[in-house]
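Inspection log for the structure reproduced underneath, given as structure tokens.
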DNA sequence: AACCAGGAGACAT
DNA sequence: ATGTCTCATGGT
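Residue numbers (our numbering): 121 to 336.
Structure, rendered in structure tokens:
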């Protein structure tokens, strides 16, 4: 069983996921930071608060006081930390000029720049690269590790970069990578939420037979 | 009523 | 390099 075949099964089972939820690249980037170890519905509440206060723009977030920003972020949890992270991200964005200016950087450089921002780690950087900048990077998250560990295809404790390169290599033709990586990560999360949780619910899972044959 | 969620940074070893 | 602690709200 290859990662490509798993993708086919997931896509057949769930269909297109239409990721990332968000109207603009900037909103997608904000969501990527706010969803760190946090359920998405809580992030939507926080984003609604930002929009209601006309604060869904880098200049506004950079200008507003952290204490006030934190009150808007409250529903998404870790609000004090995330207020700082959003501000440092927006400062970086403004220093670079704008989203369009950053779009001219090549992917390795842009990734390096993102990782240098306080509060942006490997997964958040790759969320932003893939879903806001349409770059061919594969996002590795807790669900990715869990699902593929249970499938017996990885050990689960590999380093982030090891797994990222493993998924990125040979999964799709060059011009299809962005579309496939986009859909694949969304499908993994969808599948993870429905069935492959900490306490799995394998009864109706579309990968159940694959998992069972891996249990040896 | 614990348990968990679309992680990352600080700090110790 | 690798492991542990902290951060916090809301749904199940």
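Note that beta-carbon positions come from the ideal geometry of N, C-alpha and C, so glycine has one too.
Query: Per-residue burial, residue 303 [other beta carbons within 10 Å of its own, 16 or more giving buried]; Result: buried
Query: Chain-order list of residues whose beta-carbon lies under 8 Å from that of residue 204 (same chain, five-residue window excluded); Result: 186, 238 and 239
Query: Touch test, the segment 206–225 against the segment 149–160, Cβ-Cβ under 8 Å, three pairs minimum; Result: yes
Query: Residue 229 classed as buried or exposed, judged by whether at least 16 other C-beta atoms fall within 10 angstroms; Result: exposed
Query: Three CB pairs or more closer than 8 Å across the segment 125–133 and the segment 291–309; Result: yes
Query: Three-way DSSP call (helix, strand, coil) for residue 149 in this model; Result: helix
Query: Cβ shell of residue 322 (< 7 Å), same chain only, five flanking positions each side left out; Result: 315, 328 and 331
Query: Cβ contact check for the segment 170–188 and the segment 130–140: 3 or more pairs under 8 Å; Result: no
Query: Burial state of residue 196, where buried means 16 or more other Cβ atoms lie within 10 Å; Result: buried
Query: Whole-number beta carbon distance between residue 298 and residue 256, since they are thought to touch under 8 Å; Result: 5 Å
Query: Residue 147 versus residue 263: straight-line alpha-carbon distance, rounded; Result: 23 Å
Query: Span separating the alpha-carbon of residue 199 from that of residue 307; Result: 28 Å
Query: Beta carbon of residue 270 nearer than 8 Å to that of residue 312; Result: no
Query: Simplified DSSP state of residue 214, which is helix, strand or coil; Result: helix
Query: DSSP three-state assignment for residue 323, whether helix, strand or coil; Result: coil
Query: Sequence-distant residues of the same chain with beta carbon closer than 7 Å to residue 136, five excluded per side; Result: 303
Query: Close beta carbons around residue 244, own chain, < 7 Å, minus the five adjacent residues each side; Result: 152, 153 and 156
Query: Within 8 Å, strictly: CB atoms of residue 166 and residue 189; Result: no
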